[in-house]
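Below is one structure, written out as structure tokens, with a few remarks after it.
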Amino acid sequence: MGKYTSIKINSNLADELKILKEENNLASLNEVIEKLIPNAVNEEYQFNREPPAFTLKGSKDNLPISYSMLKKSDNGKTWRTDLMEATILFNDNYGCLIRFMIPNTDEVDCIYYHYL
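With the first letter of the sequence shown counted as 1, position 43 gets the number 1199 in our numbering; the numbers rise by one all the way through.
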């Protein structure tokens, strides 16, 4: 005999499972589930992580910043690593202007990221 566990399901779903049990002349709800799962899940799911809009380099760790993070951030938002710093100078529904700085140097770049 296999191991059993209890689960809570919505009563409407339980009623639908009972109907399927009767329609298919199955002995138990376990049989219904065993019959349904192979038919319902017929492919592997892959989850893709959003690629970063840019990545701040660090001596130990890099800091990826996605477009979703940019869209949700306000003007003045700053991200830092020990080697770089990025600050949003302007952000609206169309894109954002970001200032990239390397601390303790005169190196500064501004790049506009357009939202698609």
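Note that beta-carbon positions come from the ideal geometry of N, C-alpha and C, so glycine has one too.
Straight across, the Cα-Cα distance linking K1227 with L1173 is about 44 Å. A check of alpha carbon separations from L1253 across C1266, N1260, A1209, S1229 identifies C1266 as the nearest.
Around the beta carbon of V1264, a 10 Å sphere encloses fewer than 16 other beta carbons of the protein chains shown; the residue is thus reported as exposed. A straight line joining the alpha-carbon of S1224 with that of Y1269 spans about 12 Å. With a contact defined as Cβ atoms closer than 8 Å, N1260 and I1244 miss out at about 22 Å. Annotated as distal: E1206 and S1229, with beta-carbon spacing of 8 Å or more. At a Cβ-Cβ threshold of 8 Å, D1248 and G1214 do not count as neighbours.
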